[in-house]
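Engineer: Dumping the structure here so I can ask a few things about it.
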Amino acid sequence: METSVLVINCGSSSIKYALVPKDPDRPRLSGLAERLGSSDARLKGTDSQGESFEQPLGAADHAVALEAILARLDGRLPVAVGHRIVHGGEHFTRAALIDDDVVAAIEHTAALAPLHNPANLEGVKATRRLFPDLPQVAVFDTAFHQSLPPRAYRYALPEALYRDHAIRRYGFHGTSHAYVSRRADALSGLEGGGWLTAHLGNGCSTCAVWHGRSLDTSMGLTPLEGVVMGTRSGDVDPGLHAHLSRQLGWTIERIDEVLNRGSGLLGLSGLTNDMRELEVAESEGHAGAALAIEVFCYRIAKSLAALSCALPRLDGLVFTGGIGENSAMVRERVSALLPHFGLQLNHTVNAETIRGREGRIDAGGRQLWVIPTDEEGQIATETRQRLEETAA
Ligand code: AMP
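So the sequence shown is residues 71 to 462, counted in this note's numbering.
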């Protein structure tokens, strides 16, 4: 019997999908429908033979793309669909079996994630219409961080902003931090370790995890807070907005655009948000690239040091995400900034642990791990768990 879960990550003009079997040795089918809503939408992916394909979809919307995706699953009808939903607010502390009430609650949270939640919901609604008999589960990026205590999630703002407008820190990348910290527990043999996890991709965040629970994290009300990212600034002085408005006459839309899309590694380097290109440029003497990498690593180390306050005991540090999994240089520089944590890097093993390899990269002392993230696998796991609990 087919026991795969179809994992869907729906953006405003794209759908990322993966058919995730229960047996990790069975291959996954995955792909991406993109340019939805334009006249040349297309679907790219791999089939069950491992062959890649590309299929034009014409002027497809989300529903047409979902039908095309299902036709590409080679007759393997999933047992359930797991949807990635960015923001679950305070309402969702874990994955939820989707019904009309859950859809309404996600809609209610849209004000907190106006770019993401409506697009995610579009996928949910289209999938429910197309496959009304297939159970669907919503897995939230924020849910893992609902275990944060008030001292970590409250801003020092007037109470009414929290009470009446839900303004607080939520945190994101929850499925990734949950996956790698549980994997670190399993690999280290520690039951419920104290981990600092660093998800370093195009978006970047850090997290303090104790006994499988998130105690603090670097992102806040939105995914803009925290460490430096590909094009996002991370933390800036909250007075910056007023300054740019008063001194330069910038609108709030322009400030938002610059902080989200023109800052971070791209803004600092004046070159690119791609760490691979920055590493090459730095080696060729590009001063902006060197500065961008230095600020990036320093701010990650500073964030990890700050988050260590949340943990009763620190067992080690876990790197993940495109940069965390592949850039031995970034791992080396971040570790070197934290000598007081008792981190000793095994430089040879560190250099070899790239391209999806999982491994321990310390030379004794506190543990250092590289753990490739598996957000799709984690969404499939949480989807299955929710269904099993509902059936029990
Ligand atoms: P993600 O969002 O997790 O896919 O990560 C994207 C980031 O990973 C980009 O900044 C890439 O430049 C970076 N990345 C991917 N491969 C490498 C690599 N081999 N070395 C350095 N950075 C990499």
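Even glycine gets a Cβ: it sits at the ideal position worked out from N, Cα and C.
Just so it is clear, the structure is predicted and the values come from calculations on it, not from any experiment.
With distance defined between alpha-carbon atoms, name the residue in Ala-222, Gln-125, Val-194 and Glu-364 nearest to Val-404.
Structural biologist: Walking along the sequence shown from the start, residue 404 turns up at place 334. Considering only alpha carbons, the answer is Glu-364.
Engineer: Rounded to the nearest angstrom, how far is the Cβ of Asn-420 from that of Ala-398, given a contact under 8 angstroms?
Structural biologist: For this step, residue 420 is matched to residue 350 along the sequence shown. For this step, residue 398 is matched to residue 328 along the sequence shown. That belief holds up - the Cβ atoms of Asn-420 and Ala-398 are roughly 5 angstroms apart, short of 8 angstroms.
Engineer: Going by CA-CA distance only, name the one from Asp-117, Gly-244, Ala-226 and Arg-112 that's closest to Ala-130.
Structural biologist: By 1-based counting over the sequence shown, the position of residue 130 is 60. The option with the nearest alpha carbon to Ala-130 is Arg-112.
Engineer: Using a threshold of 6 angstroms, is the CB atom of Asp-344 nearer than that to any non-hydrogen atom of the ligand AMP?
Structural biologist: Residue mapping note: residue 344 aligns to position 274 of the sequence shown, counting from 1. For the ligand AMP, at least one heavy atom lies less than 6 angstroms from the Cβ of Asp-344.
Engineer: Given 6 angstroms as the limit, tell me if Asn-420 has its C-beta closer than that to any heavy atom belonging to the ligand AMP.
Structural biologist: By one-based count along the sequence shown, residue 420 stands at place 350. It does not: the Cβ of Asn-420 is nowhere closer than 6 angstroms to a heavy atom of the ligand AMP.
Engineer: How do the region 351–366 and the region 223–238 stand: do at least 3 beta-carbon pairs fall below 8 angstroms, yes or no?
Structural biologist: no
Engineer: How is the alpha helix (DSSP H) around Asn-330 delimited, first residue to last?
Structural biologist: Position 260 of the sequence shown, counting from 1, holds the residue named residue 330. 322–331 is the span of the alpha helix (DSSP H), which, as asked, contains Asn-330.
Engineer: Report all residues from its chain with a CB closer than 7 angstroms to the CB of Leu-147; omit the five preceding and five following residues, and keep chain order.
Structural biologist: Taking the first residue of the sequence shown as position 1, residue 147 is located at position 77. Answer for Leu-147: Glu-72, listed in chain order.
Engineer: Please tell me whether Thr-267 and His-247 are closer than 7 angstroms, where the distance is taken between their beta carbons.
Structural biologist: Numbered from its first residue, the sequence shown carries residue 267 at position 197. Numbered from its first residue, the sequence shown carries residue 247 at position 177. Contact flag set, yes.
Engineer: Which one of Gly-391, Val-156, Val-77 and Leu-374 has the shortest CA to CA distance from Leu-384?
Structural biologist: Position 314 of the sequence shown holds residue 384. The closest CA to that of Leu-384, considering only Gly-391, Val-156, Val-77 and Leu-374, is found on Leu-374.
Engineer: Measure how close the beta-carbons of Ala-226 and Leu-182 come, nearest whole angstrom, since I'm counting them as under 8 angstroms.
Structural biologist: Here residue 226 refers to the residue found at position 156 when the sequence shown is read from its first residue. Here residue 182 refers to the residue found at position 112 when the sequence shown is read from its first residue. Not quite, the Cβ-Cβ distance comes to about 20 angstroms (not below 8 angstroms), so this is no contact.
Engineer: Ignore the nearest five residues each way along the sequence and tell me which others in Leu-314's own chain have a CB closer than 6 angstroms to its CB.
Structural biologist: As a first step, residue 314 is located in the sequence shown; it is residue number 244 there, counting from the start. Once the five neighbours on either side are set aside, the close Cβ partners of Leu-314 are Trp-320 and Ile-325.
Engineer: Which of helix, strand or coil does DSSP assign to Phe-201?
Structural biologist: Here the question's residue 201 lines up with position 131 in the sequence shown. Residue state, collapsed to three classes: coil.
Engineer: Helix, strand or coil for Pro-188 per DSSP?
Structural biologist: One-based indexing of the sequence shown puts residue 188 at position 118. Note: Pro-188 maps to helix in three-state DSSP.
Engineer: Kindly give me the distance between the Cβ atoms of Val-75 and Ala-165, rounded to whole angstroms, as I take these residues to be in contact under 8 angstroms.
Structural biologist: On the sequence shown, position 5 is the one that residue 75 refers to. On the sequence shown, position 95 is the one that residue 165 refers to. With a contact defined as Cβ atoms closer than 8 angstroms, Val-75 and Ala-165 miss out at about 11 angstroms.
Engineer: Please confirm whether Ile-393 and Leu-291 have their CB atoms less than 7 angstroms apart.
Structural biologist: Counting from one through the sequence shown, the residue named residue 393 turns up at place 323. Counting from one through the sequence shown, the residue named residue 291 turns up at place 221. No, Cβ-Cβ distance for Ile-393 and Leu-291 is not below 7 angstroms.
Engineer: I'd like the span of the alpha helix (DSSP H) that includes Ile-176, first residue to last.
Structural biologist: To locate residue 176, count along the sequence shown from 1; it is residue 106. 170–178 is the extent of the alpha helix (DSSP H) around Ile-176.
Engineer: Under the assumption that Leu-191 contacts Leu-136 (Cβ atoms under 8 angstroms), give the Cβ distance between them as a whole number of angstroms.
Structural biologist: As a first step, residue 191 is located in the sequence shown; it is residue number 121 there, counting from the start. As a first step, residue 136 is located in the sequence shown; it is residue number 66 there, counting from the start. 14 angstroms between Cβ atoms; not a contact.
Engineer: Assign Asp-170 to buried or exposed, taking buried as 16 or more other Cβ atoms, counted over all protein chains shown, within 10 Å of its Cβ.
Structural biologist: Position 100 of the sequence shown, counted from the first residue, corresponds to residue 170. The residue is exposed, with fewer than 16 neighbouring Cβ atoms inside 10 Å.
Engineer: Span of the alpha helix (DSSP H) holding Asp-234?
Structural biologist: Start at 1 with the first residue of the sequence shown, and residue 234 comes out as number 164. Asp-234 -> alpha helix (DSSP H) spans 229–235.
Engineer: If I'm right that Leu-204 touches Gly-241 with Cβ under 8 angstroms, what's the distance once you round it to whole angstroms?
Structural biologist: In the sequence shown, counting from the first residue as 1, residue 204 sits at position 134. In the sequence shown, counting from the first residue as 1, residue 241 sits at position 171. Between Gly-241 and Leu-204 the Cβ distance is about 30 angstroms, and since that is not below 8 angstroms, they are no contact.
Engineer: For Leu-408, I'd like the list of residues in its chain whose CB is within less than 7 angstroms of its CB, leaving aside the five on either flank, ordered along the chain.
Structural biologist: Locating residue 408 in the sequence shown gives position 338, where the first residue counts as 1. Within the same chain, Leu-408 has close Cβ partners Ala-371, Leu-374 and Ala-375.
Engineer: With a threshold of 6 angstroms, establish whether the CB of Ser-397 neighbours any heavy atom of the ligand AMP.
Structural biologist: Residue numbering aside, residue 397 sits at position 327 when the sequence shown is read from its first letter. At least one heavy atom of the ligand AMP is nearer than 6 angstroms to the Cβ of Ser-397, so yes.
Engineer: Just mark Arg-469 as buried or exposed, buried being the case when its beta carbon has 16 or more other beta carbons within 10 Å.
Structural biologist: Any property of residue 469 remains undetermined from this structure, which presents the chain solely from 71 to 462.
Engineer: Going by DSSP, what residue range makes up the alpha helix (DSSP H) through Val-156?
Structural biologist: Indexing the sequence shown from 1 puts residue 156 at position 86. Careful: Val-156 lies outside any alpha helix (DSSP H) and carries neither H nor E.
Engineer: To test your reading of the DSSP string, which unbroken beta strand (DSSP E) runs of 3 or more residues are found completely within the region 207–270?
Structural biologist: 264–270
Engineer: Is it true that the CB of Asp-144 sits closer than 7 angstroms to the CB of Ser-118?
Structural biologist: Translated into positions along the sequence shown, residue 118 becomes position 48. Translated into positions along the sequence shown, residue 144 becomes position 74. Closer than 7 angstroms, so yes.
Engineer: Does at least one heavy atom of the ligand AMP sit under 6 angstroms from the Cβ of Asn-79?
Structural biologist: Here residue 79 refers to the residue found at position 9 when the sequence shown is read from its first residue. The nearest non-hydrogen atom of the ligand AMP is 6 angstroms or more from the C-beta of Asn-79.
Engineer: What are the partner residues of Val-75, as DSSP defines its beta bridges?
Structural biologist: Walking along the sequence shown from the start, residue 75 turns up at place 5. According to DSSP, Val-75 bridges with Val-90 and Ala-150.
Engineer: Please classify Leu-185 as buried or exposed, where buried requires at least 16 other C-beta atoms within 10 Å of its C-beta.
Structural biologist: By 1-based counting over the sequence shown, the position of residue 185 is 115. By the neighbour-count rule (16 or more Cβ atoms within 10 Å), Leu-185 is not buried but exposed.
Engineer: So, is Lys-86 buried or exposed, given that buried needs 16 or more other C-beta atoms within 10 angstroms?
Structural biologist: Taking the sequence shown and counting its residues from 1, one reaches residue 86 at position 16. It counts as buried.
Engineer: Quick check on DSSP: helix, strand or coil for Arg-456?
Structural biologist: What you label residue 456 is simply residue 386 of the sequence shown in a count that begins at 1. Residue state, collapsed to three classes: helix.
Engineer: Quick check on Thr-451: does DSSP put it in helix, strand or coil?
Structural biologist: If you number the sequence shown from 1, residue 451 lands on position 381. In this structure, Thr-451 counts as helix in the three-state DSSP scheme.
Engineer: Return the chain-ordered list of same chain residues with a C-beta closer than 7 angstroms to the C-beta of Ile-449, the five sequence neighbours on each side being excluded.
Structural biologist: Numbered from its first residue, the sequence shown carries residue 449 at position 379. Excluding residues within five positions, the ones whose Cβ falls inside 7 angstroms are Val-77, Gly-152, Arg-154, Val-209 and Thr-245.
Engineer: Sorry if obvious, but does the Cβ on Ile-449 come closer than 6 angstroms to a heavy atom of the ligand AMP?
Structural biologist: Numbered from its first residue, the sequence shown carries residue 449 at position 379. No; taking the cut-off as 6 angstroms, the Cβ of Ile-449 has no heavy atom of the ligand AMP nearer than that.
Engineer: Between Gly-193, Asn-272, Ser-83 and Pro-91, which lies nearest to Arg-454 when the distance is taken from Cα to Cα?
Structural biologist: Within the sequence shown, numbered from 1, the residue matching residue 454 stands at position 384. Taking only the C-alpha atoms, the option nearest Arg-454 is Pro-91.
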